[in-house]
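Asker: Chains as they are written, first to last, in the working numbering: chain F, 43 to 412; chain R, 43 to 412.
Note that the Cβ used here is the ideal one computed from N, Cα and C, for glycine as well.
Would you mind keeping the following structure in view while I ask a few things?
Number of protein chains: 2
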Amino acid sequence: MTAAGKHQVSRTETPRRSGRPGRAGIRDVAAAAGVSITTVSDALNGKGRLPDATRSHVREVAERLGYRPSAAARTLRTGKSGLIGLTVTTYGDEPFTFTEFAYFAEMARAATSAALARGYALVILPATSRHDVWSNVALDGTVVIDPSDQDPVVTELVRQGLPVVSDGRPAGALPVTAWVDNDHRAAVLDLLDHLAAAGARRIGLLTGTTTDTYTRLSTTAYLHWCERVGQDPVYESYPAHDPCAGAVAADRLLARPDRPDAVYGLFDPNGTDLLAAARRYGLRVPEDLLLVCCSESTVYAATEPPITTLSLKPRHIGTAVVQLLIDAIEGVEHDGPVEQVIPTELIVRTSSQRRPPRTTVSAPRSPSRD
Amino acid sequence: MTAAGKHQVSRTETPRRSGRPGRAGIRDVAAAAGVSITTVSDALNGKGRLPDATRSHVREVAERLGYRPSAAARTLRTGKSGLIGLTVTTYGDEPFTFTEFAYFAEMARAATSAALARGYALVILPATSRHDVWSNVALDGTVVIDPSDQDPVVTELVRQGLPVVSDGRPAGALPVTAWVDNDHRAAVLDLLDHLAAAGARRIGLLTGTTTDTYTRLSTTAYLHWCERVGQDPVYESYPAHDPCAGAVAADRLLARPDRPDAVYGLFDPNGTDLLAAARRYGLRVPEDLLLVCCSESTVYAATEPPITTLSLKPRHIGTAVVQLLIDAIEGVEHDGPVEQVIPTELIVRTSSQRRPPRTTVSAPRSPSRD
DNA sequence: CTGAAAGCGCTAACAA
DNA sequence: TTGTTAGCGCTTTCAG
Chain F
43 MTAAGKHQVS RTETPRRSGR PGRAGIRDVA AAAGVSITTV SDALNGKGRL PDATRSHVRE
103 VAERLGYRPS AAARTLRTGK SGLIGLTVTT YGDEPFTFTE FAYFAEMARA ATSAALARGY
163 ALVILPATSR HDVWSNVALD GTVVIDPSDQ DPVVTELVRQ GLPVVSDGRP AGALPVTAWV
223 DNDHRAAVLD LLDHLAAAGA RRIGLLTGTT TDTYTRLSTT AYLHWCERVG QDPVYESYPA
283 HDPCAGAVAA DRLLARPDRP DAVYGLFDPN GTDLLAAARR YGLRVPEDLL LVCCSESTVY
343 AATEPPITTL SLKPRHIGTA VVQLLIDAIE GVEHDGPVEQ VIPTELIVRT SSQRRPPRTT
403 VSAPRSPSRD
Chain R
43 MTAAGKHQVS RTETPRRSGR PGRAGIRDVA AAAGVSITTV SDALNGKGRL PDATRSHVRE
103 VAERLGYRPS AAARTLRTGK SGLIGLTVTT YGDEPFTFTE FAYFAEMARA ATSAALARGY
163 ALVILPATSR HDVWSNVALD GTVVIDPSDQ DPVVTELVRQ GLPVVSDGRP AGALPVTAWV
223 DNDHRAAVLD LLDHLAAAGA RRIGLLTGTT TDTYTRLSTT AYLHWCERVG QDPVYESYPA
283 HDPCAGAVAA DRLLARPDRP DAVYGLFDPN GTDLLAAARR YGLRVPEDLL LVCCSESTVY
343 AATEPPITTL SLKPRHIGTA VVQLLIDAIE GVEHDGPVEQ VIPTELIVRT SSQRRPPRTT
403 VSAPRSPSRD
C-alpha cells in the first residue's frame, strides 16, 4: 500500500520504529489502525470530516496502545504550548514575601482554576529567574504580578510579541496587553470614612517602605484624606518583606505621643501585630483603638476581638487576569477596555465599631461606658 | 564561504527566511555571524571546543539580533523540557484547600526556588486536571503532594517512565521514585508527652474526616498514645476543607461533658478556632486549657496568648522533594535511600505551658490539683 | 474523503 | 575545527 522505492533513498526498511522505546508514536497508531497518520491526527483532534466509524476506531486503537501525543512536537508545529507564565515578584532569593502569602495563594489558586478550565496550565516564574529558565519554556503569554516600572522581563516578553497581562496597573509606560487592579485610592478613602464614622478622631497608618504601586497609591490616598479632613498624618513605615519589622512598627505607632485612636494597616499581619501592641499599651479594641487591616486571611474572624479587614478580592483578580490573557492569546477581540477594576470589600467586624452589635455584655473590667 | 550550489536541490534561493516574522532563528544568526548553525548552537550552549573568539562573536551577533532559541524545538530534539509538574490535591474545583494555604505556599515557594536554582521551572497541575492538559505539557518529572492510594495520575506518569517524587509517603503500593515526609507518628507522640508534662490530664484531638495519610497517621498515633497512658480518647472530626466546620467542631469539642483540659488541633486554623471556643466557655488558656495546633502560620506568635505550634517544615520538604526529583531526572545515583524523613519542630509558646513564665497567676477555677 | 510529504527550529552524528 | 544532514513527532497543505 505504500509506494516503497520511488525516489526515497534512506527510508527503505524501517517501517515502524517508534521514537523512544515504550511510548507509542502517531505512526504506531496509524499502522495498528490501518490508516494514515493524517487520519489519526484528525480523528484524535476532531479536525477533518471522517466517518464516525473511522474516528472511534482510531481512538480505540490509540487508547489501547496508550498513545500520548508529544506536547513538544505539537508545540513546535502549532506554535502554541498551552502554557501561561505566572510571574511573581521576588524578595531576596524567594518568590513572593510572607506577607503576601494569603493574597498570592488565593490569586494563584483562582488563576490556576481559570486557566485549567480553558485548557491551559500555569508555570511559576519568579521575575528574577535566570534568563535561561525563561527562554527554556515556551509560553503563550504571561501574567505579571505587580510589575515595576520599566520591568525588563515584561519589556522583553512584549518585544517577543507575547501577550502580557498584569495584576496591578503597570507603573510608567509599561506596554502590557491588559491589566486588572483594584481602585486602591477609593478603597482607602472609603475605609477611612468608615473609621471616622465610627468615631475615630486621629487615624494612623501602618505602611511600607517599598515603592510598589499598591503601597504608593494607598499611602497617597491616606495623605489626601488627612489633608481633606484636616488631620495631621500619623504613620509608620517598615520594609514589608521583613516579618519581624511589622511588629516593631506597630509598637512604634502606638508608642507615639500623638497616638492615633484608629489604625489602618496595609499588610496582612498588621492586624495581629497591632492587636498585640494594643495589649501591651493596655488599649482596648475597639473602645480605645479602632483597627482595620488589609488581609485575605480568615483568622481575623476569630481573633479577640474580630478585626475588620479590607479584601482585595484576589480570586476575582486571578480569574480576570487569566481570562484576559487567554482571550488575547486566542485573539478574542474585546469591545470593552483592556483595563479591569475589581471592587474591594470591607468586611466589617467588631474592631472598627465603637458600639458593638451584641446587646448583652456583662460589664467588662472597664466601668466606663462612654 | 558557504558552498552554494553543490548538490542541494530545493533550497536554492531562500537563503534566510525565519520561521515567524520578527523572531530571529538560529539560521539567521548563523548567516549574520558568517558561520554554520552548528557553530551557533555549540557557541551558545557551550558545547564544542571552538575558539573563544568565535564563541563570543556568535554570542554577540545572537544578542544583537535578539535571538531566542525555541524551547519547543529544543525539547523535541533533546527530550528534556526543563519543566517539573507540581501536582496538588483538589477539593471541588479548586486546587488545595484553605487550611493548607500556609503549608502549601511555603512548600511551593521552596520548591520553586530549588527548581530554579537548577534551571527548572514548576508547572502547577491539579490532580484532577483534564486529561488533555496533562498530555499537553512536556514534563521531565513530577512532584505529587499527598497522593492517594492507587492515584491514577501517578500510575499513568510512572507508566510513561517519568520520575515521580511525592510529598508524603505514598499510600498503598504506589510506585513513586522517591518520597519525603515527616514522621507524623513521632511528632504527635512527642507533642502529647509535652502536653502531659505540662499537666494535661485529658487531651482532646481535633481531627479531620478525610482519609489522607497525614490525618490517618496522626489520629492513629493519638489513639495509641491514649491507650498507652490509659486515657479515653476525646476527639471531634470534621471535613478539613470546609473552613467553617472547624469552628463548629472546636466548639463541640469543648462543649462535651468529658471536656478535655488540653487539645491538639491537626489543622492550621484550629488554633484560633479553639481559642475562640475557649473564650465562649470562659476557659482561660493555658490555665484551664492547654492548646497546640499544627500550623506554619506566624499569627500564632501574636495571639493572646501565643499558641504552641507544630511545624512540618514545608520548606525543607519542598526543597528535598525537588532535589530528589531533579537527581532522578538527571540520572544522579543516590547511595542512600530514596526515602527522606524531615524532622518536625514544636514551637513552644504560652498556650502549652501550665506554669507560664510570669509569676503572678490568680488561682484558676479548678481547685483540685490531683 | 484519505494519504503522502513538507517542514516547525533545533541538536547531534557524521563528513569534509 | 567547521559545515552538512538527518531527523525529534507532530500538523497541515496539497494531491489523489
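1) On the CB-based measure, 16 or more other CB atoms within 10 Å of its CB, does Leu247/F come out buried or exposed?
2) What residue from Asp369/R, Ala85/R and Arg357/R has the CA that sits closest to Glu387/R's CA?
3) Quick one: Cα of Pro111/R to Cα of Glu346/F, how far?
4) Would you mind sorting Gln192/R into buried or exposed? The rule is 16 or more other CB atoms within 10 Å of its CB.
5) Near Ile389/R, what residues of its chain come up, given a Cβ to Cβ distance below 7 Å and the 5 sequence neighbours on each side ignored?
6) Just list the alpha helix (DSSP H) runs in the region 285-364 of chain F, keeping only unbroken ones of 4 residues or longer that don't cross its boundaries, in chain order.
7) Run down chain R in chain order and give the residues with a C-beta less than 7 Å from the C-beta of Thr351/F.
8) Go ahead and label Leu265/R buried or exposed: buried means 16 or more other beta carbons lie within 10 angstroms of its beta carbon, across all protein chains shown.
9) Could you name the residues of the same chain whose beta carbon sits closer than 7 Å to that of Leu233/F, not counting the 5 residues immediately before and after it, in chain order?
10) If you run the structure through DSSP and keep just helix, strand and coil, what is Arg201/R?
11) Measuring alpha carbon to alpha carbon, tell me which of Arg321/R, Thr219/R and Met149/R ends up nearest Asp369/R.
12) Going by beta carbon distance, what residues of the same chain come within less than 6 Å of Pro281/R, once the five residues before and after it are set aside?
13) Please identify the residue among Arg69/F, Thr154/F and Val363/F whose C-alpha is closest to the C-alpha of Trp221/F.
14) Going by beta carbon distance, what residues of the same chain come within less than 6 Å of Gly127/R, once the five residues before and after it are set aside?
15) Using a Cβ-Cβ distance under 8 Å, would Val175/R count as near chain F?
16) Taking the alpha-carbon positions, what's the Arg396/F to Gly210/F distance?
17) Among Ala239/F, Ser155/F and Pro212/F, which has the Cα closest to the Cα of Arg258/F?
18) Between Gly161/R and Gly108/R, how many whole angstroms is the CB-CB distance? I'm expecting something under 8 Å.
19) Could you give the residue range of the beta strand (DSSP E) that holds Ala163/R?
20) Does the beta-carbon of Gly67/F have 16 or more other beta-carbons within 10 angstroms, so that it is buried, or is it exposed?
21) By how many angstroms is the C-alpha of Ala75/R removed from the C-alpha of Val82/R?
22) What does the Cβ neighbour count give for Asp188/R, buried or exposed, with the cut at 16 atoms within 10 Å?
23) Any residues in the region 156-167 of chain F with a beta carbon nearer than 7 Å to a beta carbon of chain R? Which ones, in chain order?
24) Whose Cβ in chain F lies nearer than 7 Å to the Cβ of Ala114/R?
25) Taking a cut of 8 Å between CB atoms, which residues from the region 290-313 of chain F lie near chain R?
26) Grouping DSSP H, G and I as helix and E and B as strand, with all else coil, what is Val390/R?
27) Buried or exposed: which applies to Lys320/R, given that a residue is buried once 16 or more other Cβ atoms fall within 10 Å of its Cβ?
28) Between the Cα of Arg69/R and those of Ala104/R, Cys336/R and Trp176/R, spot the shortest distance and give me the residue it belongs to.
29) Just to make sure I have the definition right: I need the residues of chain R whose C-beta is within less than 7 Å of the C-beta of Ala318/F. Which are they?
30) Would Asp193/F pass as an interface residue toward chain R - the criterion being a Cβ-Cβ separation below 8 Å?
31) Could you check where the alpha helix (DSSP H) with Thr251/R kicks off and where it finishes?
32) Give the residues of chain F in contact with Pro111/R, contact being defined as C-beta atoms less than 8 Å apart.
33) Quick check on the DSSP output: what are the complete beta strand (DSSP E) runs of length 3 or more inside the region 212-281 of chain R, in order along the chain?
34) Under the assumption that Tyr277/F contacts Thr249/F (Cβ atoms under 8 Å), give the Cβ distance between them as a whole number of angstroms.
35) What do you get for Met43/F, buried or exposed, if any count of 16 or more other CB atoms within 10 angstroms of its CB means buried?
36) Can you pull the chain F residues whose beta carbon is under 7 Å from the beta carbon of Thr131/R, in chain order?
Answerer: According to the structure shown:
1) Buried, by the Cβ-count rule.
2) Considering only alpha carbons, the answer is Arg357/R.
3) The alpha-carbon of Pro111/R is positioned some 57 Å away from that of Glu346/F.
4) By the 10 Å Cβ count, Gln192/R comes out exposed.
5) Excluding positions up to five away in sequence, the list reads Thr350, Thr351 and Ser353.
6) With a minimum length of 4 residues, the continuous alpha helix (DSSP H) runs that stay inside the region 285-364 of chain F are 287-297 and 312-322.
7) Those within 7 Å of Thr351/F in chain R number zero; the least Cβ separation is about 13 Å.
8) Exposed is the label assigned to Leu265/R, since fewer than 16 other Cβ atoms lie within 10 Å of its Cβ.
9) Taken in chain order, the residues that qualify are Tyr306, Val334, Leu352 and Leu388.
10) DSSP, reduced to helix, strand and coil, places Arg201/R within a helical segment of the structure shown.
11) The shortest C-alpha separation from Asp369/R is found at Thr219/R.
12) Contacts found: Thr251 and Ala287.
13) Of the candidates Arg69/F, Thr154/F and Val363/F, the one whose C-alpha sits nearest the C-alpha of Trp221/F is Val363/F.
14) Around Gly127/R: Val165, Leu167, Leu181 and Thr184.
15) At least one chain F Cβ lies under 8 Å of Val175/R.
16) For Arg396/F and Gly210/F, the gap between their C-alpha atoms comes out near 34 Å.
17) Of all alpha-carbon atoms in Ala239/F, Ser155/F and Pro212/F, the one lying nearest the alpha-carbon of Arg258/F is that of Pro212/F.
18) The distance from the Cβ of Gly161/R to that of Gly108/R is about 22 Å, inconsistent with a contact at the 8 Å cut-off.
19) Looking at the DSSP string, the run of the beta strand (DSSP E) that includes Ala163/R is Ala163 to Pro168.
20) With 16 or more other Cβ atoms within 10 Å, it is buried.
21) Cα-Cα distance, rounded: 9 Å.
22) By the 10 Å Cβ count, Asp188/R comes out buried.
23) Residues of the region 156-167 of chain F that bring their beta carbon within less than 7 Å of a beta carbon in chain R comprise Leu158, Gly161, Ala163, Leu164, Val165, Ile166 and Leu167, in sequence order.
24) When 7 Å is used as the limit between beta carbons, Ala114/R is near these residues of chain F: Ala114, Thr117, Leu118, Ser123 and Ala180, in chain order.
25) Those residues of the region 290-313 of chain F that come within reach of chain R (Cβ to Cβ, closer than 8 Å) are Pro311.
26) Here Val390/R sits in coil by DSSP.
27) Sequence check: residue 320/R is Ala here, not Lys. Around the beta carbon of Ala320/R, a 10 Å sphere encloses 16 or more other beta carbons of the protein chains shown; the residue is thus reported as buried.
28) That would be Ala104/R, whose Cα lies nearest to the Cα of Arg69/R.
29) Under a criterion of Cβ atoms nearer than 7 Å, the residues of chain R adjacent to Ala318/F are, in order, Ala344.
30) No, its Cβ sits nowhere closer than 8 Å to a Cβ of chain R.
31) No alpha helix (DSSP H) holds Thr251/R; DSSP gives it neither H nor E.
32) Under the 8 Å cutoff, chain F gives Ser177.
33) Whole beta strand (DSSP E) segments, 3+ residues: 220-224, 245-250 and 276-280.
34) Indeed they touch by this definition, with Cβ atoms about 6 Å apart.
35) Confidence in Met43/F is poor, its pLDDT being 34 and thus under 50, which makes the residue's placement too unreliable to answer from.
36) Ordered by position in chain F, no residue passes the 7 Å Cβ test against Thr131/R, which lies about 12 Å from the chain.
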